[in-house]
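Asker:
Residue numbers (UniProt numbering): 1 to 581.
#1: So, does the region 206-222 touch the region 287-295, judging by three or more C-beta pairs under 8 Å?
#2: Which class does residue 297 belong to by DSSP, given the choice of helix, strand or coil?
#3: Does DSSP put residue 601 in a helix, a strand or coil?
#4: Ordered along the chain, which non-local residues of its own chain (more than five positions away) have a Cβ less than 6 Å from that of residue 8?
#5: At a cut-off of 7 Å, would you count residue 44 as near the ligand SAM, judging by its Cβ distance to the nearest heavy atom?
#6: Thinking just about the alpha-carbon of each residue, which of 215, 245, 256, 116 is nearest to the one in residue 416?
#7: DSSP three-state label for residue 582, please.
#8: Are the region 141-153 and the region 190-197 touching, with three or more C-beta to C-beta distances below 8 Å?
#9: Rounded to whole angstroms, how far is the Cβ of residue 83 from the Cβ of residue 233, which I believe are closer than 8 Å?
#10: Spell out the partners DSSP gives residue 369 in its beta bridges.
#11: Along the beta strand (DSSP E) that carries residue 204, what are the first and last residues, could you check?
#12: Measure from the alpha carbon of residue 532 to the alpha carbon of each residue in 498, 519, 553, 542, then state which is nearest.
#13: Report the start-end ranges of each alpha helix (DSSP H) in the region 11-58 that is 4 residues or longer and not cut off at the edges.
#14: Measure the C-alpha to C-alpha separation of residue 48 and residue 5 and round it to an integer number of angstroms.
#15: Please classify residue 279 as buried or exposed, where buried requires at least 16 other C-beta atoms within 10 Å of its C-beta.
#16: Just reading off the alpha helix (DSSP H) that residue 69 is part of, what are its end residues?
#17: With C-beta atoms as the reference, is residue 78 less than 8 Å away from residue 53?
#18: DSSP three-state call for residue 124: helix, strand or coil?
#19: Quick one: what's got a C-beta closer than 6 Å to residue 197's C-beta in the same chain, skipping five residues either side?
#20: Tell me the rounded alpha-carbon separation between residue 565 and residue 559.
#21: Closest to residue 290 by C-alpha separation, out of 274, 308, 277, would be which residue?
#22: In whole angstroms, what separates the C-alpha of residue 556 from that of residue 538?
#23: Select from 570, 188, 223, 376 the residue whose C-alpha is nearest the C-alpha of residue 206.
#24: Going by CA-CA distance only, name the one from 388, 254, 114 that's closest to residue 92.
#25: Within 10 angstroms of the Cβ of residue 299, are there 16 or more other Cβ atoms? Answer buried if so, exposed if not.
#26: Secondary structure at residue 422, three-state DSSP: helix, strand or coil?
#27: The beta strand (DSSP E) with residue 408 in it runs from where to where?
#28: Quickly, what does DSSP pair residue 188 with across the bridge? List them, please.
#29: Would you say residue 403 and residue 372 are within 8 Å of each other, going by their C-beta atoms?
#30: Where residue 511 and residue 561 are concerned, what is the direct C-alpha to C-alpha distance, given to the nearest angstrom?
#31: How many angstroms separate the CA atom of residue 220 from the CA atom of residue 374?
#32: Please classify residue 39 as buried or exposed, where buried requires at least 16 neighbouring CB atoms within 10 angstroms.
#33: Specify the secondary structure class of residue 382 as computed by DSSP and reduced to three states.
#34: Helix, strand or coil, according to DSSP, for residue 435 in the structure here?
#35: Can you tell me where the alpha helix (DSSP H) with residue 99 in it begins and where it stops?
#36: Can you give me the start and stop residues for the alpha helix (DSSP H) that residue 546 sits inside?
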């Protein structure tokens, strides 16, 4: 309200206080007409200037027919029907109509519903507010960088060079027009140093892929000039979960450079809000100028971008730090600045994978480092190493030809140990190796050595290595009285197998006579042969008596099969005769 309205309302308030019975209605009506507002609105404005009625407060003041459940349902329907771009497709009035027809909401005015929604904090405007956030801090320059890519929607690269994209021709809701320039888009990569706010900007043509991402990141970490101070490898890189960001090549590069990467949850760009803000700065403070500049290609565009970026980082004072971005970045300490390897080594690191190397008997390994040749490394100080152990090795990008040995702790978390090459003399011997007949050194016991000694002492019930050697020399059995080496054999029950009739093989060169067998054994073998044909029931007591009568003393071995075959053939003949009858 302005001063004139306040004075007018105060005058109305005085008239109401002095009015007699029956006169207040006319005063209220005249004032409402003069201000073109409702009576209820007039009373609300009068309350703002201190006027209060002398009416008794209603007993149901503060109560509402609209419950929290009503507000939750109404607000929920409106919220669910709101599009991702914020467009509300269902109004409070329409929602109230739908629900009141079903008896799910009281029949009150939309204005009343709106007040109740705000009271219960289910109003669409309240539900659209972003979630509260916590500001995080970084420790020093290059502690945390943020990277983000964005399609430069204002400009595309047709055959005639970079031009301004006309909104009517390339409107976002016309997919066919967007398809025309899909492969000619310009991608803007922005990298920020979280501590100082320093900005690195680079444009690429084509897609937002791992190749372009790697190129921009490698260019950002290199030392470019003394006018452009921000360089070096960050300790942490924050980015979104785009396919290029999570590509194997880029993640491998980060791992080789010892960069920890953090990806924010989908739909939470505030997690890297600084670089999102930097994208807006670039659009407003740099790309707005391109409508007045003829740019022929990407290289020219990057030249203009570099000139603008150098001036911006040097001149514009950051609202948080009250310093320019370059001033604050240059407070970086030597221990905090990790100088990037040369571009050639960095490009090699993109595809460099760990090499598995076998430890030699003297607890050393050899590895070839590009540009430094084959080097020998002493690994005896590494916990758990032993001859023939396998170690995963990569080149340390900051200290080549030093190498990093990749390990895992007891919880499975990866870590690395940096090892320098052994120093050798002109004859190829390690300068710290013991000289023959002057000093005798022994390597410390590995875990395998320790376990081997423990096993030997327990096996021979010995307290010292000398006792173990004595027991072995005396051919003493290991684990005597503790382990029965034949336990599995002793516990195996050997089954009685039924004999199988066979034909005795007799050669002309070595002919020998087999001893006849008794009647009982012969009967067993004959019955077994009959069982194979399913005719065991035809071996009867009379069959046994016939066997004894035919061979009163004993039964020749070669007669067993003949007797069985006669019984089998006789049964087959009987079976055929019955069928023919």
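The C-beta atom is built at its ideal place from N, Cα and C for all residues, glycine as well.
Remember, it's a predicted structure, so these values are computed and weren't measured experimentally.
Answerer: Inspection of the coordinates gives the following:
#1: no
#2: coil
#3: One cannot answer for residue 601 here, as it falls past the ends of the chain, which runs 1 to 581.
#4: The beta carbon of residue 8 sits closer than 6 Å to none of the beta carbons in its chain outside the five residues before and after it.
#5: Here there are no bound small molecules, and the ligand SAM is not part of this structure.
#6: 256
#7: The question about residue 582 has no answer, for the chain in this structure spans 1 to 581.
#8: yes
#9: Not quite, the Cβ-Cβ distance comes to about 42 Å (not below 8 Å), so this is no contact.
#10: Per DSSP, 373.
#11: 199-205
#12: When only C-alpha atoms are compared, the closest one is 498.
#13: 24-35, 39-48
#14: 12 Å
#15: Classification for residue 279: buried.
#16: Here the alpha helix (DSSP H) through residue 69 covers 68-80.
#17: no
#18: Helix.
#19: Within the same chain, and ignoring the five residues on either side of residue 197 in sequence, the residues whose Cβ sits closer than 6 Å to its Cβ are 318, 325.
#20: Each residue's Cα considered, the two are about 10 Å apart.
#21: If you compare the alpha carbons of 274, 308, 277 with that of residue 290, the shortest gap goes to 308.
#22: CA-CA distance, residue 556 to residue 538, rounds to 21 Å.
#23: 188
#24: Answer by Cα proximity: 114.
#25: exposed
#26: coil
#27: 403-408
#28: 150, 203
#29: For residue 403 and residue 372, no; Cβs fall outside 8 Å.
#30: Residue placement at residue 511 is poorly supported in this model, since its pLDDT is 47, which falls under 50; the coordinates still yield a value, given next. Taking the straight line from one Cα to the other gives about 20 Å.
#31: 32 Å
#32: exposed
#33: DSSP, reduced to helix, strand and coil, places residue 382 outside both helices and strands of the structure shown, so it counts as coil.
#34: Note: residue 435 maps to coil in three-state DSSP.
#35: Following the DSSP letters along the chain, one finds residue 99 inside the alpha helix (DSSP H) bounded by residues 92-101.
#36: 541-550
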